[in-house]
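Undergrad: Okay, here's the structure, questions in a sec.
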Amino acid sequence: VKAATRAQALLDEMQKEDVKPNAHTFNSAITAWSRSGSKGSALKAEILLKKMEDLYEAGNTNLQPSAQVYTSVISAWAKSNEPGSALRAEILLKLMWAMYKRGNKSVKPNVQTFTSVISAWAKSRDNKAGEKAEALIDKMINLYEKGDNDVRPNVLSFTSAIHAYARIGARDGAQRGEDLLKKMKSIGVKPNLQTYNVLISLWGNSQQLGAGKKAESILTKLEDEFLNGDKDMRPTVVSYTSCISAWAKSPDHGKAERASAVLGRMKEMHALGKIADRPNEFSYTAVINACATTYGDQDEKQDAFRIAYSTFKEMSESDDLSPNHVTYSTFFRAISKLMPNGEKKESMVSAAFRLCLRDGQCDSNSLFHMKNAATPELVADLLGCSDPSEAASLTVDAL
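According to my numbering, the stretch in the sequence shown is residues 8 to 406, in order.
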């Protein structure tokens with residue numbers, strides 16, 4: 008922000024002193040605002056662009072904005088996360104294309120221009136973001152196949168478009184992401200680690216039958232490519248945790264066991280020195296969540312709780328990790344759903360809640376799910392209330 012403010016101040020001072028700024032001065036200020044990412048910076052960059060356009064049209068031929076300048080402003084909108092930013096970015100792209108078609112070769116959009124607009128849609132969370140991003144990919148491919156090498160989509164273009172579907176959580180986003188992957192490979196663009204990580208996340212968001220299996224097949228592909236020598240494909244904690252989450256969100260039977268197996272794979276890969284990342288709190292909590300969302304007969308629920316308990320216990324006893332408020336909340340859900348009513352369930356709730364308080368991780372969610380898992384009498388006892396109705400209404404602020 009300081010660099011952008013200094014560049015803007017210099018530009019304003021030059022105009023105040025009736026010193027004509029050149030293209031380099033404007034470009035520096037616009038680029039600085041684009042890189043700052045601060046609130047309002049995109050609008051400030053576009054105002055400077057408009058001033059350049061006005062001065063150029065007034066006869067100052069040295070101030071003709073270039074494709075680089077327009078792309079910097081588009082990039083500023085992509086980074087801004089402000090309402091309507093993606094639409095503003097695309098309007099500028101259309102303006103550039105119209106001027107280029109009218110003969111202004113200096114503003115011809117390139118792959119960076121298109122990718123910046125795709126990135127803007129990916130960050131927008133607009134319901135149509137995925138479709139908008141994919142439409143731009145299709146236009147780039149069409150232009151490339153007609154001989155325009157300047158707009159050939161690269162791995163960032165495709166990954167940003169796939170991410171556009173991931174950010175809005177569309178149920179058909181996984182299939183749309185797979186379609187983009189096919190288009191990617193059809194023009195010889197190699198997916199990277201980030202591409203596969205986003206696809207794994209997309210399958211998790213889909214919540215479809217078989218989503219966990221599909222996510223795990225992508226993880227396996229990552230592992231295979233890495234072990235076969237492609238060091239850029241080394242799976243990360245994000246890769247494994249997203250896969251575990253995909254199992255947790257899926258309606259598949261046996262998902263608790265499959266999620267736990269993925270966690271085991273990660274631990275083994277780390278122990279063997281093949282990957283740098285070790286499982287974190289989110290990895291373990293995702294396994295417990297797979298257990299807590301298990302459906303089926305009593306045997307399947309019993310197996311799921313066994314996994315939930317052993318995962319929670321391993322995490323609690325670890326020197327490197329400790330359960331956080333989400334872990335406790337998820338574990339209480341597992342107890343509530345998977346354990347039959349009785350003394351064992353009451354004992355488990357009591358022990359877990361005492362640990363939750365000891366660790367300072369009791370928030371409104373964990374308190375809510377503890378209350379759901381326990382009898383009113385136990386809730387009153389744990390919260391130090393004589394009346395169960397008083398305990399039921401007690402909030403975390405009163406603890």
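C-beta atoms are modelled at their ideal positions from N, C-alpha and C, and glycine is treated no differently.
The structure displayed is predicted, hence computed values, not measured ones.
(1) How close, in whole Å, do the beta carbons of T166 and Q119 come, if the pair is a contact with beta carbons under 8 Å?
(2) For D327, is the classification buried or exposed, using 16 other Cβ atoms within 10 angstroms of its Cβ as the cut-off for buried?
(3) Nearest to S224 by CA position, among V269, T243, V196, is which residue?
(4) With a threshold of 16 other CB atoms inside 10 Å of the CB of A140, please say whether the residue is buried or exposed.
(5) For E232, which of helix, strand or coil comes out of DSSP?
(6) Nearest-angstrom Cα distance between V386 and K221?
(7) For D133, is the classification buried or exposed, using 16 other Cβ atoms within 10 angstroms of its Cβ as the cut-off for buried?
(8) To the nearest angstrom, how far is it from the Cα of Q71 to the Cα of A142?
(9) Would A173 and N199 qualify as a contact pair, given that the criterion is a beta-carbon distance under 8 Å?
(10) How many angstroms separate the CA atom of E232 from the CA atom of A181?
(11) Could you tell me if T122 is buried or exposed, where buried requires 16 or more neighbouring beta carbons within 10 angstroms of its beta carbon?
(12) Tell me the residue span of the alpha helix (DSSP H) that contains E384.
(13) Of all the options T292, P160, D239, which has the alpha carbon lying nearest to the alpha carbon of I282?
(14) Any idea what DSSP makes of G211, helix, strand or coil?
(15) Given that a residue counts as buried once 16 or more other Cβ atoms are within 10 Å of its Cβ, and exposed if not, what is K51?
(16) Run through the stretch 247-286 for me and flag every whole alpha helix (DSSP H) of 4 or more residues, listed as ranges in chain order.
(17) Are the stretch 301-309 and the stretch 265-280 in contact at 8 Å, needing three or more beta carbon pairs?
(18) For V294, which of helix, strand or coil comes out of DSSP?
(19) From N379 to S343, what does the alpha carbon distance come to, in whole angstroms?
(20) M219 by DSSP, collapsed to three states: which one?
(21) Which class does G303 belong to by DSSP, given the choice of helix, strand or coil?
(22) Helix, strand or coil, according to DSSP, for S45 in the structure here?
(23) For the putative contact between K256 and Q214, defined by C-beta atoms under 8 Å, what is the C-beta separation to the nearest angstrom?
(24) Contact criterion: CB-CB distance below 8 Å. Does N379 meet it with respect to chain D?
(25) Going straight from the alpha carbon of N235 to that of C298, what length do you get?
(26) So the candidates are S325, N331, R361, D259; which of them puts its Cα closest to the Cα of A311?
(27) Going by beta carbon distance, what residues of the same chain come within less than 6 Å of N296, once the five residues before and after it are set aside?
(28) For A36 versus A85, is the C-beta distance shorter than 8 Å?
(29) For E350, does the three-state DSSP call read helix, strand or coil?
(30) Using only the alpha-carbon positions, how far apart do A129 and D186 sit?
TA: Reading it off the structure:
(1) About 14 Å separates the CB atoms of T166 and Q119; that is not less than 8 Å, and the two are not in contact.
(2) Within a 10 Å sphere around the beta-carbon of D327 sit fewer than 16 other beta-carbons, which makes this residue exposed.
(3) If we check each option's Cα against that of S224, V269 comes out closest.
(4) Burial check for A140: the Cβ neighbour count within 10 Å reaches 16 or more, so the residue is buried.
(5) In the displayed model, E232 falls within a helix according to three-state DSSP.
(6) In this structure, the straight-line span from the alpha carbon of V386 to that of K221 is close to 41 Å.
(7) So D133 counts as buried.
(8) Each residue's Cα considered, the two are about 30 Å apart.
(9) No, Cβ-Cβ distance for A173 and N199 is not below 8 Å.
(10) Using only the alpha carbons, I get a separation of about 22 Å.
(11) Buried, because 16 or more other Cβ atoms sit within 10 Å of the Cβ of T122.
(12) 383-389 is the extent of the alpha helix (DSSP H) around E384.
(13) Residue D239 is the option with its Cα nearest to I282.
(14) Helix, per DSSP.
(15) Classification of K51: buried, given that the 10 Å Cβ count is 16 or more.
(16) Within the stretch 247-286, the complete alpha helix (DSSP H) runs of at least 4 residues are 262-278.
(17) Judged by Cβ distances under 8 Å, the stretch 301-309 makes no contact with the stretch 265-280, as fewer than three pairs qualify.
(18) In the structure shown, V294 sits in a helix (DSSP, three-state: H, G or I).
(19) Looking at the two C-alpha atoms, the distance is approximately 7 Å.
(20) Note that residue 219 is Gly in the sequence shown here, rather than Met. Secondary structure at G219: helix, using DSSP grouped into helix, strand and coil.
(21) Coil at G303, not helix or strand.
(22) Here S45 sits in coil by DSSP.
(23) That belief holds up - the Cβ atoms of K256 and Q214 are roughly 5 Å apart, short of 8 Å.
(24) In the displayed structure, chain D is absent; only one protein chain is listed.
(25) When the Cα atoms are used, N235 and C298 turn out to be separated by approximately 33 Å.
(26) A311 has its Cα closest to that of D259, out of S325, N331, R361, D259.
(27) Sequence-distant Cβ neighbours of N296 in its own chain, meaning closer than 6 Å and more than five residues away, are A255, T337.
(28) The answer is no: Cβ separation not under 8 Å.
(29) DSSP, reduced to helix, strand and coil, places E350 within a helical segment of the structure shown.
(30) Each residue's Cα considered, the two are about 17 Å apart.
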